[in-house]
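One structure is given below, encoded as structure tokens.
Number of protein chains: 2
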Amino acid sequence: MDFEFIRPLLKSAETKVLLLVLDGLGGLPLEKGGSTALEAAATPHLDDLASRGLCGLHRPIGPGITPGSGPAHLGLFGYDPVKYQVGRGVLAALGIDFDLKPRDVAARGNFCTVDENGLVQDRRAGRISTDKNRELCSLLEKMTLPGVELFVKTVKEHRFLLVLRGENLTGQIGDTDPQNVNRKPLEPEPRSPDGARAAAMISKFVEQAAGILKDHSPANMVLLRGFSQRPEWPLFDEVFGMKAAAIAAYPMYLGLAKLVGMNTLPSVRSMDDALAGLKSNWPNYDFFYVHVKGPDSAGEDGDFHRRIRLIEEVDGYVPKIMELDPDVMIVTGDHSTPAVLKSHSWHPVPVVLWSRQCRPDCVERFGERACLSGGLGPYIPAVDLMPLALANALRLDKFGA
Amino acid sequence: MDFEFIRPLLKSAETKVLLLVLDGLGGLPLEKGGSTALEAAATPHLDDLASRGLCGLHRPIGPGITPGSGPAHLGLFGYDPVKYQVGRGVLAALGIDFDLKPRDVAARGNFCTVDENGLVQDRRAGRISTDKNRELCSLLEKMTLPGVELFVKTVKEHRFLLVLRGENLTGQIGDTDPQNVNRKPLEPEPRSPDGARAAAMISKFVEQAAGILKDHSPANMVLLRGFSQRPEWPLFDEVFGMKAAAIAAYPMYLGLAKLVGMNTLPSVRSMDDALAGLKSNWPNYDFFYVHVKGPDSAGEDGDFHRRIRLIEEVDGYVPKIMELDPDVMIVTGDHSTPAVLKSHSWHPVPVVLWSRQCRPDCVERFGERACLSGGLGPYIPAVDLMPLALANALRLDKFGA
Numbered sequence: 277m278d279f280e281f282i283r284p285l286l287k288s289a290e291t292k293v294l295l296l297v298l299d300g301l302g303g304l305p306l307e308k309g310g311s312t313a314l315e316a317a318a319t320p321h322l323d324d325l326a327s328r329g330l331c332g333l334h335r336p337i338g339p340g341i342t343p344g345s346g347p348a349h350l351g352l353f354g355y356d357p358v359k360y361q362v363g364r365g366v367l368a369a370l371g372i373d374f375d376l377k378p379r380d381v382a383a384r385g386n387f388c389t390v391d392e393n394g395l396v397q398d399r400r401a402g403r404i405s406t407d408k409n410r411e412l413c414s415l416l417e418k419m420t421l422p423g424v425e426l427f428v429k430t431v432k433e434h435r436f437l438l439v440l441r442g443e444n445l446t447g448q449i450g451d452t453d454p455q456n457v458n459r460k461p462l463e464p465e466p467r468s469p470d471g472a473r474a475a476a477m478i479s480k481f482v483e484q485a486a487g488i489l490k491d492h493s494p495a496n497m498v499l500l501r502g503f504s505q506r507p508e509w510p511l512f513d514e515v516f517g518m519k520a521a522a523i524a525a526y527p528m529y530l531g532l533a534k535l536v537g538m539n540t541l542p543s544v545r546s547m548d549d550a551l552a553g554l555k556s557n558w559p560n561y562d563f564f565y566v567h568v569k570g571p572d573s574a575g576e577d578g579d580f581h582r583r584i585r586l587i588e589e590v591d592g593y594v595p596k597i598m599e600l601d602p603d604v605m606i607v608t609g610d611h612s613t614p615a616v617l618k619s620h621s622w623h624p625v626p627v628v629l630w631s632r633q634c635r636p637d638c639v640e641r642f643g644e645r646a647c648l649s650g651g652l653g654p655y656i657p658a659v660d661l662m663p664l665a666l667a668n669a670l671r672l673d674k675f676g677a
Numbered sequence: 277m278d279f280e281f282i283r284p285l286l287k288s289a290e291t292k293v294l295l296l297v298l299d300g301l302g303g304l305p306l307e308k309g310g311s312t313a314l315e316a317a318a319t320p321h322l323d324d325l326a327s328r329g330l331c332g333l334h335r336p337i338g339p340g341i342t343p344g345s346g347p348a349h350l351g352l353f354g355y356d357p358v359k360y361q362v363g364r365g366v367l368a369a370l371g372i373d374f375d376l377k378p379r380d381v382a383a384r385g386n387f388c389t390v391d392e393n394g395l396v397q398d399r400r401a402g403r404i405s406t407d408k409n410r411e412l413c414s415l416l417e418k419m420t421l422p423g424v425e426l427f428v429k430t431v432k433e434h435r436f437l438l439v440l441r442g443e444n445l446t447g448q449i450g451d452t453d454p455q456n457v458n459r460k461p462l463e464p465e466p467r468s469p470d471g472a473r474a475a476a477m478i479s480k481f482v483e484q485a486a487g488i489l490k491d492h493s494p495a496n497m498v499l500l501r502g503f504s505q506r507p508e509w510p511l512f513d514e515v516f517g518m519k520a521a522a523i524a525a526y527p528m529y530l531g532l533a534k535l536v537g538m539n540t541l542p543s544v545r546s547m548d549d550a551l552a553g554l555k556s557n558w559p560n561y562d563f564f565y566v567h568v569k570g571p572d573s574a575g576e577d578g579d580f581h582r583r584i585r586l587i588e589e590v591d592g593y594v595p596k597i598m599e600l601d602p603d604v605m606i607v608t609g610d611h612s613t614p615a616v617l618k619s620h621s622w623h624p625v626p627v628v629l630w631s632r633q634c635r636p637d638c639v640e641r642f643g644e645r646a647c648l649s650g651g652l653g654p655y656i657p658a659v660d661l662m663p664l665a666l667a668n669a670l671r672l673d674k675f676g677a
């Protein structure tokens, strides 16, 4: 539902909503006729929640669309991920906890290899070490650009973050990454007139970078893409009337929560930390988002058995979380990351929503196939979960008389 | 589907569609692990219809949205309730069968109590008796406003309907109800330039009303909200190509049917009356909407067992209705009214659609959980039912060649 539709219906309540996101939760069987990791995992507590709650599978973005972490989370936060898009530069900044200011222009950078004619030979510069990356970033950061503050920050291996800070800059600039080898890096083209100044700065940056890096082969050039600025979106607490806190281990997920105006609690290292964070902050917020990275990482690594183990670990924490007595508890993933694909995928994601007011269905197991017959249906848009959470938290007035 | 999409596909047929609405049909179990009222009710005839028909659950408005009666019915009539919104003033007029003319401005009024400083102390004036309300309305109706005809009609207890009739009036006026106590009633502000004249009239009305009521404490002031005019919408028979008749006990539901241009049959007092109305008018219409209020009222009263009894009563009439030989029979609710919540709710609503052309599913019981696995799915938008009814009535041509 449109924010403008929801807003006049909001009413205050003392209820609390908890959204527990197991990153990449949805999966595929390892072999024909087998179970998914979630189905294979022993999850007595999630199964209990499923049998008392409302189950289904959500589609993060649209039919067949494999989401990145950004849009997948925005959907769960109730923000239409097609309407609310974040640039890759901004996501890169979130990922390394760079404190992006409102008008900063951020870009995702690659060190790459060019030949004597300036043609790209390796878009990733042989995946140089992160240490080498640090050395090069500090060289590049010494560069000066007129009237612009410059940040060049290491991400990992060949990847870095470029940020320009100054007046009259916008992210309306085309990529310099030609996306293929044997081509020259592209000139940074302004995509609209107000991108002209930033494009000129980027052009200077690339030119100087080429000079600085020329003896550092294989990392003798840079490619830039995803120029973008921090979006100014409606704030979560205004849109949904709940003061929200985010608990996560990785800066990316805390950063995504910050983008919609959630408060972020200190980064956690374990489920114990997350539980402690929930407990100590329980009185202060109406909405808690808890992010668990493990199942996704295991999926990306193709490690089906580690996925099982990590899901079972989270299951063990469900009763401890429920002891906090949330009024609405949602457990789901942001997307699927089947170990057999070793990547994010488009497959719908199991979800269970429990509240005292939910209408239980007949699902007794929390798994991909069991959830198909749940009351949320096999294909509910992820963005619909937030309005349902509000309703189940008794935070929505009637529409019309 | 958009009306403009449907219209060119309409074809005439001799078929008849019957929409039987059990108000507030959807429910929740009374206790954990229990059945809903519909599930607990003995409904052999609805179960038979379910086993021969197509079942599912519809969502009246959107995820988590609890509908009022107005938008809930408009959805069932095939009108997108977010696009086709009715003001509260107009709904109040419908509710007491006031013959609202096209340019009349209607508002919902409350008698309220103000203190010596004009601050609202009780927004409902201690819920004065309906008799007292009648006395006060007739006093207020004697008031004169320049160039405007005035109607002040009793609804119930503290509630009344105000209607202004005259030239250059619109409903573009803000509420005077401050919604909280210890505040003064608000000035009626025009929401657009063409609301200025009506706002000025309302201002005069409120001022005079204060004088007339000053010695009638606790009902010594009025609050007004939901200023609105009768909408001019596409007519049901033009949109769906069926001449429609509405059968209901309460003016509100007949009024909603009138808003979309249905004919209304004389108000009924019982299912026997409704059946008689159907029989005697059967040859004259293509579409019949029959409204049964009971399950909603019982839900609002928190009376789970009366809900069961009323649903069972309607079930007994299903064979008698089917003897009329409708080509399409739809049984559903406009929304859910769980007895445990004592109010309308956001929960999806069971629906069965039967026709000779429907593709039966595996549902054999008409109930919330059984319908989850039906062919209409667990979450079909209510507005989709009308096009499906048309198709099953063989009243839609092929789209494209």
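Chains as they are written, first to last, in the working numbering: chain A, 277 to 677; chain B, 277 to 677. Cβ atoms here follow ideal geometry from the backbone N, Cα and C, with glycine treated the same way.
Cut-off 7 Å between Cβ atoms - residues of its own chain near G394/A, not counting five sequence neighbours on either side = Against the first sequence, residue 394/A aligns to sequence position 118. Counting only Cβ-Cβ distances below 7 Å, and skipping sequence neighbours, we find K460.
request  = Would you check if there are 3 or more beta carbon pairs closer than 8 Å linking the region 665-677 of chain A to the region 537-552 of chain B?
outcome  = In short, these stretches do not touch, since the Cβ pair count stays below three.
message = I'd like to know if the region 427-438 of chain B and the region 379-399 of chain B are in contact, where contact means that at least 3 CB-CB pairs between them fall below 8 Å.
response = At 8 Å Cβ cutoff, the stretches touch.
message = For the structure I just gave you, are there three or more beta carbon pairs, one from the region 314-328 of chain B and one from the region 540-556 of chain B, closer than 8 Å?
response = No, because fewer than three Cβ pairs between the region 314-328 of chain B and the region 540-556 of chain B fall closer than 8 Å, the two stretches do not touch.
request  = Enumerate, from N- to C-terminal direction, the unbroken alpha helix (DSSP H) stretches of 4 or more residues contained entirely within the region 551-637 of chain A.
outcome  = Runs of the alpha helix (DSSP H) inside the region 551-637 of chain A: 570-576, 580-598.
ask   = Exposed or buried, what is H581/A when buried is set at 16 or more other beta-carbons lying within 10 Å of its beta-carbon?
value = Taking the first sequence and counting its residues from 1, one reaches residue 581/A at position 305. Flag for H581/A reads exposed.
Expected contact under 8 Å - CB spacing of P339/A and A348/A to nearest Å = Position 63 of the first sequence, counted from the first residue, corresponds to residue 339/A. Position 72 of the first sequence, counted from the first residue, corresponds to residue 348/A. About 15 Å; that fails the 8 Å criterion.
key: For G653/A: DSSP bridge partner residues   = To locate residue 653/A, count along the first sequence from 1; it is residue 377. Note: G653/A sits in a beta bridge opposite G332/A.
request  = Taking I523/A and Y565/A to be in contact with their CB atoms under 8 Å, please state how far apart those CB atoms are, rounded to whole angstroms.
outcome  = Counting from 1 along the first sequence, the entry for residue 523/A is found at position 247. Counting from 1 along the first sequence, the entry for residue 565/A is found at position 289. So it is a contact: roughly 7 Å between Cβ atoms.
query = Touch check for the region 650-669 of chain B and the region 632-640 of chain B: three-plus C-beta pairs under 8 Å?
reply = Touching, per the Cβ criterion.
ask   = Any idea what DSSP makes of G535/B, helix, strand or coil?
value = Within the second sequence, the letter at position 259 stands for residue 535/B. Inspection of the sequence shows that residue 535/B is occupied by Leu rather than by Gly. L535/B: helix per DSSP, three-state reduction.
inquiry  = Excluding the 5 residues flanking L416/B on each side, which residues of the same chain have their C-beta closer than 7 Å to its C-beta?
reply    = Counting from 1 along the second sequence, the entry for residue 416/B is found at position 140. Around L416/B: V428, A485, I488.
message = Residues of the region 644-669 of chain A in Cβ contact with chain B at a cutoff of 9 Å, in chain order, please.
response = Taking 9 Å as the Cβ-Cβ cut-off, the region 644-669 of chain A approaches chain B at S649, G650, G651, L652, G653, P654, Y655, I656, P657, V659, D660, L661, M662, P663, L664, A665, L666, A667, N668, given in chain order.
ask   = What span of residues does the alpha helix (DSSP H) with V282/B cover, start to end?
value = Counting from 1 along the second sequence, the entry for residue 282/B is found at position 6. It is worth fixing the name first, because residue 282/B is Ile in this sequence and not Val. I282/B -> alpha helix (DSSP H) spans 279-282.
Host beta strand (DSSP E) of A521/B (start-end) = The residue you call residue 521/B lines up with position 245 of the second sequence. Start and end: 520-523.
key: Continuous alpha helix (DSSP H) stretch holding T406/A: start and end   = Within the first sequence, the letter at position 130 stands for residue 406/A. Counting along the chain, the unbroken alpha helix (DSSP H) around T406/A starts and ends at 406-417.
query = To the nearest whole angstrom, what separates the beta carbons of T446/A and A474/A, a pair I think is in contact under 8 Å?
reply = Taking the first residue of the first sequence as position 1, residue 446/A is located at position 170. Taking the first residue of the first sequence as position 1, residue 474/A is located at position 198. Contact flag correct, Cβ pair sits at about 6 Å.
request  = Starting from the Cα of A495/A, find the closest Cα among V396/A, Y593/A, G578/A, E576/A and give me that residue.
outcome  = As a first step, residue 495/A is located in the first sequence; it is residue number 219 there, counting from the start. Cα-wise, what sits closest to A495/A is V396/A.
query = Count the other CB atoms within 10 Å of the CB of L367/A; is the residue buried (16 or more) or exposed (fewer)?
reply = Taking the first sequence and counting its residues from 1, one reaches residue 367/A at position 91. Buried is the call here.
query = Do you know how far the Cα of N409/A is from the Cα of V590/A?
reply = Working through the first sequence from its first residue, we reach residue 590/A at position 314. Working through the first sequence from its first residue, we reach residue 409/A at position 133. Answer to the nearest angstrom: the Cα atoms are 35 Å apart.
ask   = Is F642/A closer than 7 Å to A383/A when the C-beta atoms are compared?
value = In the first sequence, the residue the question calls residue 383/A occupies position 107. In the first sequence, the residue the question calls residue 642/A occupies position 366. No. Outside cutoff.
request  = Please report the Cβ distance between V628/B and L322/B, rounded to the nearest whole angstrom; I am assuming they are in contact, meaning their Cβ atoms lie under 8 Å.
outcome  = Here residue 628/B refers to the residue found at position 352 of the second sequence. Here residue 322/B refers to the residue found at position 46 of the second sequence. Sure, about 7 Å apart at Cβ, within 8 Å.
ask   = Going by C-alpha distance, which of P284/A, G302/A, D278/A, F374/A is nearest R583/A?
value = Residue 583/A sits at position 307 when you count from the first residue of the first sequence. Comparing Cα-Cα distances from R583/A to each of P284/A, G302/A, D278/A, F374/A, the minimum goes to G302/A.
request  = With S479/A as the anchor, note down where its alpha helix (DSSP H) starts and where it stops.
outcome  = Along the first sequence, read from residue 1 onward, the residue named residue 479/A stands at position 203. Here the alpha helix (DSSP H) through S479/A covers 472-489.
task = Could you name the residues of chain B that D637/A contacts, counting a contact when the two beta carbons are closer than 7 Å?
result = Taking the first sequence and counting its residues from 1, one reaches residue 637/A at position 361. Going along chain B in sequence order, the residues near D637/A (Cβ under 7 Å) are R645, L648.
task = Look at the Cβ atom of W509/B, then the Cβ atom of Y360/B, and state whether they are nearer than 7 Å.
result = Taking the first residue of the second sequence as 1, we reach residue 509/B at position 233. Taking the first residue of the second sequence as 1, we reach residue 360/B at position 84. Result yes, Cβ atoms of W509/B and Y360/B sit closer than 7 Å.
ask   = What residues in its chain sit with their C-beta under 8 Å from that of S543/A, if we drop five residues either side in the sequence?
value = In the first sequence, residue 543/A corresponds to position 267, counting from 1. Around S543/A: A524, A525, Y526, P527, L530.
inquiry  = So, for S621/B: in the same chain, excluding its five sequence neighbours on each side, which residues have a beta-carbon less than 8 Å away from its beta-carbon?
reply    = Along the second sequence, one-based indexing puts residue 621/B at 345. The answer, listed in chain order, is G302, L304, T342, H611, S612, T613, P614.
query = In chain order, what residues of the region 613-633 of chain A put their CB closer than 8 Å to some CB of chain B?
reply = So the close ones are Q633.
request  = Count the other CB atoms, across all protein chains shown, that sit within 10 Å of the CB of K292/A; report buried if there are 16 or more and exposed otherwise.
outcome  = Numbered from its first residue, the first sequence carries residue 292/A at position 16. If you draw a 10 Å sphere on the C-beta of K292/A, you find 16 or more other C-beta atoms in it, and that means buried.
request  = Could you confirm whether any beta carbon from chain A is found closer than 7 Å to the beta carbon of L551/B?
outcome  = Here the question's residue 551/B lines up with position 275 in the second sequence. Not closer than 7 Å to any Cβ of chain A, the Cβ of L551/B fails to qualify, so no.
task = Could you name the residues of chain B that M419/A contacts, counting a contact when the two beta carbons are closer than 8 Å?
result = Residue numbering aside, residue 419/A sits at position 143 when the first sequence is read from its first letter. Correct list: empty, because the minimum Cβ distance to chain B is about 50 Å.
message = Below 9 Å on C-beta distance, what does V237/B contact in chain A?
response = Outside the modelled stretch of chain B, which goes from 277 to 677, sits residue 237/B, for which no answer is possible.
Whether E644/B touches T312/B by CB criterion (7 Å) = In the second sequence, residue 644/B corresponds to position 368, counting from 1. In the second sequence, residue 312/B corresponds to position 36, counting from 1. Yes; because the gap between Cβ atoms is below 7 Å, this pair is in contact.
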